[in-house]
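A.B. asks:
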Amino acid sequence: MSKMPPLIEFFGPEVLQVVDQSPSPRFLGTHLHPDNIPASFYAKKTKMLVVFRNPKDTLVSYYHFSNNSNNPVLPSGQSWESFYTNFLSGDVPWGSYFDHALAWEKKMDDPNVMIVTYEELKKDLSEGIRQISKFFGYSLTEAQVQQISEGSTFSAMKEGSVNSHGGMGNVIFRKGEVGDWKNHFTPEQSKEMDEVFNKRLAGTRLGAKLNYQLYCQ
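Sequential numbering from 31 applies to the sequence shown in our numbering.
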């Protein structure tokens, strides 16, 4: 895809008209809790690709996204300490990371839901593309996989973000690194996040998929 898909939480009449007129298959995006996704999506067995990132890097990315002066959606101006506290309590737009994770955990056996992690895509993007294309019912040649892979790296998407995301390009694409949380968390904050993760997600299948010990320790 060369353009950012429309987010269903921001649908207005004009967006709905465009979506209705678009040929199938349609690609849409959302940050909504799965319980808030329209019931028709589940009834029609809509394929859903869900991407999770480890909670520490998610918090850092969300903090910078919210505090970017060019962001017309979520300008906050919060300090790191305040945003950190609000993130852990779930007092942020779209709600608690951990509530989202536990809700999607319940859908991991749904054949129309595929959950991947940002970290595994960073580690082996080509393999991720193969699995995702298979999930959506596309058969790709290795040449196509490599072509898509080259255009889907963080650096490539950041470079082309003016065309794909317009004025939001420099807001959405910052570093894209795994482990940047180490440049933000205090030892006390890191320990507190560890305790919350262990209480909420440790022992779950999604918790295991996030590979917390590798990426957040």
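We put the CB at the ideal spot given by N, CA and C, even for glycine.
#1: Helix, strand or coil for residue 76? Go by DSSP, reduced to three states.
#2: How big is the Cα-Cα spacing for residue 244 and residue 79?
#3: Our contact map puts residue 88 next to residue 127 with C-beta atoms below 8 Å; I'd like the distance itself, whole angstroms only.
#4: So, helix, strand or coil for residue 223, using DSSP?
#5: Between the C-alpha atoms of residue 160 and residue 148, what's the straight-line distance to the nearest angstrom?
#6: Between residue 85 and the rest of its own chain, which residues show a CB-CB distance below 6 Å, the 5 nearest in sequence each way excluded?
#7: Looking only at its chain, what residues have a beta carbon closer than 7 Å to the beta carbon of residue 150, apart from the 5 residues adjacent to it on each side?
#8: For residue 147, name the three-state secondary structure that DSSP assigns.
#9: Leaving aside the five residues before and after residue 63 along the sequence, list all residues of the same chain whose C-beta is less than 8 Å from its C-beta, in chain order.
#10: State the Cα-Cα distance for the pair residue 77 and residue 172, rounded to the nearest angstrom.
#11: Buried or exposed, going by whether 16 or more other CB atoms sit within 10 Å of the CB of residue 168?
#12: Leaving out five residues before and five after residue 247 in sequence, what residues of the same chain have Cβ atoms less than 8 Å from its Cβ?
#13: Using three-state DSSP, classify residue 82 as helix, strand or coil.
C.D. replies: Judging by the given coordinates:
#1: Position 46 of the sequence shown, counted from the first residue, corresponds to residue 76. In the structure shown, residue 76 sits in coil (DSSP, three-state: anything other than H, G, I, E or B).
#2: Start at 1 with the first residue of the sequence shown, and residue 244 comes out as number 214. Start at 1 with the first residue of the sequence shown, and residue 79 comes out as number 49. Taking the straight line from one Cα to the other gives about 23 Å.
#3: Position 58 of the sequence shown, counting from 1, holds the residue named residue 88. Position 97 of the sequence shown, counting from 1, holds the residue named residue 127. Contact holds; Cβ gap of about 6 Å.
#4: The residue you call residue 223 lines up with position 193 of the sequence shown. In this structure, residue 223 counts as helix in the three-state DSSP scheme.
#5: Walking along the sequence shown from the start, residue 160 turns up at place 130. Walking along the sequence shown from the start, residue 148 turns up at place 118. Approximately 15 Å, taken between the alpha carbons.
#6: The residue you call residue 85 lines up with position 55 of the sequence shown. Same-chain partners within the cutoff: 127.
#7: Residue mapping note: residue 150 aligns to position 120 of the sequence shown, counting from 1. Same-chain partners within the cutoff: 158.
#8: As a first step, residue 147 must be located in the sequence shown, where it is residue number 117. Note: residue 147 maps to strand in three-state DSSP.
#9: Against the sequence shown, residue 63 aligns to sequence position 33. The residues are 124, 125, 129, 130 and 133.
#10: Position 47 of the sequence shown, counted from the first residue, corresponds to residue 77. Position 142 of the sequence shown, counted from the first residue, corresponds to residue 172. Taking the straight line joining both Cα atoms gives about 23 Å.
#11: Sequence index remark: in the sequence shown, residue 168 carries index 138 (1-based). Looking at its Cβ environment, which holds fewer than 16 other Cβ atoms inside 10 Å, residue 168 is exposed.
#12: Walking along the sequence shown from the start, residue 247 turns up at place 217. So the list reads 224, once near-sequence residues are dropped.
#13: For the purposes of this step, residue 82 is identified with residue 52 of the sequence shown, where counting begins at 1. Residue 82: strand per DSSP, three-state reduction.
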